[in-house]
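In our numbering, the protein residues as written are 126 to 406.
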């Protein structure tokens with residue numbers, strides 16, 4: 126018989142094999158209660174960096190400790206003599222006091238974000254940033270707004286469009302806990318997820334709504350304002366279009382004018398974009 130493993134170990138194995146799993150965030154009305162999951166304890170904040178003296182730093186680095194020499198017994202004063210230094214010989218500089226060394230420097234903060242991915246048609250991919258909290262779901266109102274945007278840029282959309290979520294960071298235990306989870310690692314993870322699940326490279330148009338969707342798909346070193354608008358993608362036939370998040374557009378309708386300004390250049394690429402079917406009622 127095989128031994129039982131914890132839920133977290135199972136999740137680590139599934140993640141290492143590239144299998145996506147999701148957990149319920151809320152309990153739906155009249156639904157059975159979900160089983161308990163073995164989630165890791167929250168990570169405590171790193172301790173503030175402590176300062177070491179030069180002696181403590183040498184001991185921490187494994188260097189030999191220099192023992193202090195006893196103070197010499199003062200000798201009777203002698204008559205000083207004048208000593209001159211040649212002009213071409215530099216004077217000896219006094220040894221400098223060793224600087225204090227800091228340890229336990231806190232690591233940079235890990236970005237937290239949640240992306241919702243949809244494929245409205247074979248040539249278009251939508252990545253929309255949503256609030257990191259699980260209470261803010263992608264609703265039918267978000268879908269209605271997205272369909273309006275797709276129609277404005279002359280793209281089709283399928284009914285009952287399935288969607289998928291990507292949440293960062295992944296975790297802090299097991300194999301995942303040993304991974305770097307900085308912004309560059311987040312970009313690699315997002316691109317690998319989009320490539321494996323949605324064929325990122327074969328999409329001719331990638332719509333990125335929200336700062337996290339833009340930065341962690343294109344370049345984490347650039348700001349959201351730099352990335353806004355239409356720009357080349359991974360190959361000559363691909364375009365990245367960046368604008369405000371759908372959640373922000375619903376809360377601040379005045380941003381819709383800026384979003385249209387960001388996406389309007391897509392109309393110039395109509396030969397490479399799919400056209401909606403025109404059916405008479």
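Each residue gets a CB set at the ideal place from its N, CA and C atoms; glycine is no exception.
Contacts around residue 156, its chain only, beta-carbon distance under 6 Å, and the 5 residues preceding and following it disregarded: none
Member of 311, 325, 305, 345 whose CA lies at the smallest distance from the CA of residue 363: Minimum Cα distance to residue 363 is reached at 325.
Residue 426 classed as buried or exposed, judged by whether at least 16 other C-beta atoms fall within 10 angstroms: The displayed coordinates of the chain run from 126 to 406. Any statement about residue 426 would go beyond what the structure contains.
Neighbourhood of residue 243 by C-beta distance below 6 Å, restricted to the same chain and skipping five residues each side: 251, 286, 288
Straight-line Cα distance separating residue 370 from residue 241: 11 Å
Pair within 8 Å by beta-carbon distance, residue 278 and residue 392: Cβ distance < 8 Å, so residue 278 and residue 392 count as in contact.
Paired residues, beta bridge with residue 243 - DSSP: 251, 288
Between the CA atoms of residue 361 and residue 367 - distance to the nearest angstrom: 17 Å
Residue 283 vs residue 245 beta-carbon contact at 8 Å: yes
Where residue 378 falls, given that 16 or more other Cβ within 10 Å makes a residue buried: exposed
Closer than 8 Å to chain B by CB, residue 238: Among the protein chains of the structure shown there is no chain B, as only one such chain exists.
C-beta contact flag for residue 293 and residue 311 at 8 Å: yes
Span separating the alpha-carbon of residue 239 from that of residue 332: 16 Å
Simplified DSSP assignment, three categories, for residue 334: strand
Residue 238 (DSSP reduced to helix, strand or coil): strand
Proximity of residue 95 and residue 270 at Cβ, strictly below 8 Å: Nothing can be reported for residue 95: it is not among the residues displayed for the chain, which extend from 126 to 406.
Opening and closing residue of the beta strand (DSSP E) in which residue 282 lies: Premise fails: residue 282 is in no beta strand (DSSP E) and is neither H nor E.
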